[in-house]
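Trainee: This is the structure I have questions about; it appears just below.
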Amino acid sequence: MKILVTGATGYIGGRLVPRLLESGHSVRCLVRSPEKLQLDTWRDDVEVVQGDVLDSSTLEGAFDGCDAAFYLIHSMDGQGNFSERDNRAATNFRDAAEKASVRRIVYLGGLGDSDDLSEHLSSRQDVGRVLADGTTPVTELRAGVIIGSGSVSFEMLRYLTEVLPVMVTPSWVRTLCQPIAVADVLEILVAAVSDQGSESRIIGIGGPDRLTYEEMMREYAEAAGLRRRVIIPVPVLSPSLSSHWIGLVTPLPTGVAKPLVDSLRNEVTVDDNSYAEEHAGPLTPYRQAVEDALQRSEEAGVLTRWSDATDSPAQPVPGDPDWAGGSVMTDVQTAQSSADPPELFRAFTRIGGNNGYYTMNWAWSLRGLLDSLVGGVGLRRGRRHPTEIHPGEALDFWRVVRVVPNERLDLYAQMKLPGEAWLSFEAEANGNGSTLKQTALFIPRGLAGRLYWYLLFPFHVAIFGRMARRIAKAAESI
């Protein structure tokens with residue numbers, strides 16, 4: 001089929017498009033800012049039209065020739081009035097689809113059967129009613145918490161659990177929900193586009209586990225290798241107060257956190273999950289979904305540009321907000337050298353062992369000693385050869401994870417750390433020689449990891465900039 005996808009620059013849409021292409025469909029993406037798709041590997045395989053569902057005049061021709069359309073848009077951006085904007089956008093989309101005789105609309109909304117739904121969940125369900133109030137049949141899939149890097153609900157849970165070893169929380173931590181893996185959601189969405197019939201349908205989808213938010217946080221902490229979290233529910237924290245608290249300890253804007261927190265009082269479970277089971281096969285357990293979202297070590301060499309390369313639908317992709325995927329601390333240094341890239345490559349691949357680290361070797365020796373005292377490998381492994389280097393071998397307290405001849409070296413830290421760390425070097429040609437890009441990257445584990453990074457920040461300032469400059473200078477004499 002030929003399918004129109006809205007929200008292709010967003011969390012679900014950016015993951016859905018390549019799966020539609022893999023299924024043999026042709027895809028047209030309706031986006032406000034086409035340039036946001038430039039990093040996507042599938043960009044050249046789709047048709048892109050510029051338009052805004054809030055402006056009906058920009059939708060002329062967008063649906064022409066399309067058999068089906070996905071509505072994956074939400075106006076909850078922290079600016080307020082999202083319910084009114086959601087209804088107006090859905091009305092414009094419905095009318096344009098009807099005019100073009102689109103055979104089906106697929107919409108991803110939110111679970112919740114209570115008569116006292118939050119504004120957020122009420123808005124999601126109102127959108128479904130608006131879309132269905134036309135002649136085009138609508139398959140409305142309702143999901144609760146979607147587990148995967150980039151899902152705002154999952155990211156809120158991630159940051160709260162990682163940052164706070166002790167949490168004083170509202171009673172909503174005891175609310176029951178049925179989280180579902182993003183990979184399963186994508187499978188179901190791809191299948192839904194082929195639904196037959198002229199009637200609109202509302203279908204709840206969830207994973208195989210029913211858990212409270214407290215149980216989800218404890219499971220997350222265990223999967224992430226964190227200490228057991230102490231969670232103390234109290235009845236006095238209002239949604240407004242909770243959202244400000246979340247705004248302090250997570251990167252989520254308060255305006256986004258508030259409607260989400262308000263929604264947590266509503267139970268979001270599925271009575272009949274047969275549609276999800278039929279179209280996604282064996283559903284992914286919550287613990288496995290969390291582990292999929294956390295898996296990073298195998299991509300060590302890619303992490304310096306994790307936002308534009310990923311193999312898993314549970315990991316960050318282009319279009320995800322900056323805070324998607326958890327905290328990634330970086331220190332990036334650049335230095336110019338009159339040497340060509342091969343000479344610069346030879347300079348930074350000699351690092352460690354008896355060659356040292358080009359600056360403040362006493363500080364590196366001290367760090368190795370401290371690591372040895374706590375049971376780490378320290379610097380005693382040295383390096384196999386003073387100038388040659390190969391992927392997989394040990395280099396002091398590093399492991400070599402990638403070597404691209406004359407271009408790049410990636411090292412993964414095997415010292416004792418409250419998190420995971422990498423150090424990478426890249427040599428890029430310029431008109432006067434080459435540029436060294438040196439990146440130190442750290443993914444903290446819990447509060448201890450964040451404190452570790454910030455306590456070491458003064459040493460980073462003193463060491464990393466000078467090291468990059470001296471490597472660039474050393475390359476000129478090789």
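Using this note's numbering, read the sequence shown as starting at 1 and increasing by one per residue.
Yeah, the Cβ is synthetic: ideal placement off N, Cα and C, and Gly gets one too.
1) As a quick exercise: from G148, V102, E219, pick the residue whose alpha carbon is nearest that of T135.
2) Using a 10 Å radius around the Cβ and a threshold of 16 neighbouring Cβ atoms, would you call V400 buried or exposed?
3) In or out: F63 buried (at least 16 other Cβ within 10 Å) or exposed?
4) With a 10 Å radius around its C-beta and 16 neighbouring C-beta atoms as the bar for buried, classify G207 as buried or exposed.
5) Output the distance between the C-alpha atoms of D331 and R450, rounded to the nearest integer angstrom.
6) Taking the straight line between their C-alpha atoms, what separation do you get for D55 and F93?
7) What number of angstroms, rounded off, separates the C-alpha of A300 from the C-alpha of T161?
8) Span of the beta strand (DSSP E) holding V193?
9) By DSSP, does K99 sit in helix, in strand, or in coil?
10) Using a Cβ-Cβ cutoff of less than 6 Å, which residues in the same chain neighbour A394 once the five nearest sequence positions on both sides are dropped?
11) Tell me, which residues are paired with C66 by DSSP?
12) Under the rule that 16 or more other beta-carbon atoms within 10 Å means buried, what is T387, buried or exposed?
13) Between which two residues does the beta strand (DSSP E) containing S434 stretch?
14) For M329, report the span of its alpha helix (DSSP H) as first-last.
15) Can you list, in chain order, the stretches of the beta strand (DSSP E) that have 3 or more residues and sit fully within the region 136-211?
16) So, helix, strand or coil for E349, using DSSP?
17) Which one of S149, G109, A143, F154 has the shortest CA to CA distance from A132?
18) Is the beta carbon of M467 closer than 7 Å to that of T349?
19) With a cut-off of 8 Å, do at least 3 Cβ pairs link the region 442-456 to the region 162-179?
20) With respect to the alpha helix (DSSP H) encompassing V377, which residues constitute its N-terminal and C-terminal limits?
21) Below 7 Å CB to CB, which residues in the same chain sit around E187 once its five sequence neighbours on both sides are set aside?
22) Just to confirm, is the Cβ distance from V190 to R19 under 7 Å?
23) If you run the structure through DSSP and keep just helix, strand and coil, what is G449?
24) Could you tell me whether the region 34-45 touches the region 213-223, where touching means 3 or more Cβ pairs closer than 8 Å?
25) Taking the CB atoms as reference points, tell me whether V48 and V27 lie closer together than 7 Å.
26) First and last residue of the alpha helix (DSSP H) that includes S123?
27) In angstroms, rounded to a whole number, what distance separates the CA positions of G148 and G14?
28) Can you round the beta-carbon distance between I232 and T169 to whole angstroms, since I take them to be within the 8 Å contact cut?
29) Which residues does DSSP pair with L411 in a beta bridge?
30) Could you compute how far the alpha carbon of R229 sits from the alpha carbon of Y159?
31) With distances taken from CA atoms, which of G225, Y286, I478 is nearest D184?
32) Out of D262, G368, T250, which has the shortest C-alpha to C-alpha gap to G325?
33) Which same chain residues, not among the five before or five after D67, have their C-beta less than 8 Å away from its C-beta?
34) If I measure Cβ to Cβ from V17 and keep anything under 8 Å in the same chain, skipping five residues before and after, which residues do I get?
Mentor: This is what the structure holds:
1) Locating residue 135 in the sequence shown gives position 135, where the first residue counts as 1. Of the listed residues, the one whose Cα sits closest to T135 is V102.
2) Start at 1 with the first residue of the sequence shown, and residue 400 comes out as number 400. Flag for V400 reads buried.
3) Translated into positions along the sequence shown, residue 63 becomes position 63. Buried, since its Cβ has 16 or more Cβ neighbours within 10 Å.
4) In the sequence shown, counting from the first residue as 1, residue 207 sits at position 207. Buried: at least 16 other Cβ atoms inside 10 Å.
5) For the purposes of this step, residue 331 is identified with residue 331 of the sequence shown, where counting begins at 1. For the purposes of this step, residue 450 is identified with residue 450 of the sequence shown, where counting begins at 1. In this structure, the straight-line span from the alpha carbon of D331 to that of R450 is close to 14 Å.
6) Walking along the sequence shown from the start, residue 55 turns up at place 55. Walking along the sequence shown from the start, residue 93 turns up at place 93. If I take the Cα positions, the gap works out to 10 Å.
7) Counted from its first residue, the sequence shown places residue 300 at position 300. Counted from its first residue, the sequence shown places residue 161 at position 161. Caution applies to A300, whose pLDDT of 42 falls short of 50 and renders its modelled position unreliable; the value that the coordinates give is listed next. Going from the Cα of A300 to the Cα of T161 covers about 24 Å.
8) Here residue 193 refers to the residue found at position 193 when the sequence shown is read from its first residue. Looking at the DSSP string, V193 is not in any beta strand (DSSP E), and its letter there is neither H nor E.
9) One-based indexing of the sequence shown puts residue 99 at position 99. Helix, per DSSP.
10) Here residue 394 refers to the residue found at position 394 of the sequence shown. Taken in chain order, the residues that qualify are R381.
11) Position 66 of the sequence shown holds residue 66. Paired residues: none, contrary to the question.
12) Residue mapping note: residue 387 aligns to position 387 of the sequence shown, counting from 1. T387 should be labelled exposed.
13) The residue you call residue 434 lines up with position 434 of the sequence shown. Judged by DSSP secondary structure, S434 falls within the beta strand (DSSP E) whose first and last residues are 433-444.
14) In the sequence shown, the residue the question calls residue 329 occupies position 329. Where M329 is concerned, there is no enclosing alpha helix (DSSP H), although the beta strand (DSSP E) it sits in stretches over 329-337.
15) 138-143, 166-169, 201-204
16) Here residue 349 refers to the residue found at position 349 of the sequence shown. Here the sequence assigns Thr to residue 349, which means Glu is not the residue at that position. Note: T349 maps to coil in three-state DSSP.
17) Mapped onto the sequence shown, residue 132 falls at position 132. That would be G109, whose Cα lies nearest to the Cα of A132.
18) Stepping through the sequence shown from its first residue, residue 349 is reached at position 349. Stepping through the sequence shown from its first residue, residue 467 is reached at position 467. Taking C-beta atoms as the reference points, T349 and M467 fail to come closer than 7 Å.
19) yes
20) The residue given as residue 377 occupies position 377 in the sequence shown. No alpha helix (DSSP H) holds V377; DSSP gives it neither H nor E.
21) Here residue 187 refers to the residue found at position 187 of the sequence shown. Result list for E187: H279, A280, in chain order.
22) To locate residue 190, count along the sequence shown from 1; it is residue 190. To locate residue 19, count along the sequence shown from 1; it is residue 19. V190 is a Cβ neighbour of R19, given a cutoff of 7 Å.
23) Within the sequence shown, numbered from 1, the residue matching residue 449 stands at position 449. Residue state, collapsed to three classes: helix.
24) no
25) In the sequence shown, the residue the question calls residue 48 occupies position 48. In the sequence shown, the residue the question calls residue 27 occupies position 27. Not closer than 7 Å, so no.
26) By 1-based counting over the sequence shown, the position of residue 123 is 123. Where S123 is concerned, the enclosing alpha helix (DSSP H) stretches over 119-132.
27) Here residue 148 corresponds to residue number 148 of the sequence shown, with the count starting at 1. Here residue 14 corresponds to residue number 14 of the sequence shown, with the count starting at 1. Their backbone Cα atoms lie some 13 Å apart in a straight line.
28) Against the sequence shown, residue 232 aligns to sequence position 232. Against the sequence shown, residue 169 aligns to sequence position 169. With 8 Å as the limit, I232 and T169 qualify as a contact, their Cβ atoms being about 7 Å apart.
29) Position 411 of the sequence shown, counting from 1, holds the residue named residue 411. Paired residues: V400, L423.
30) By one-based count along the sequence shown, residue 229 stands at place 229. By one-based count along the sequence shown, residue 159 stands at place 159. In a straight line, the C-alpha of R229 is about 13 Å away from that of Y159.
31) Here residue 184 corresponds to residue number 184 of the sequence shown, with the count starting at 1. It is Y286 whose Cα lies nearest to the Cα of D184.
32) As a first step, residue 325 is located in the sequence shown; it is residue number 325 there, counting from the start. When only C-alpha atoms are compared, the closest one is T250.
33) Within the sequence shown, residue 67 is the residue found at index 67, counting from 1. The residues M1, K2, I3, V102, R103, R104, in chain order, have a CB closer than 8 Å to that of D67 in the same chain once the five nearest residues on each side in sequence are set aside.
34) The sequence position of residue 17 within the sequence shown is 17, counting from 1. So the qualifying residues of the chain are V5, A8, V27, C29, D40, W42, V46.
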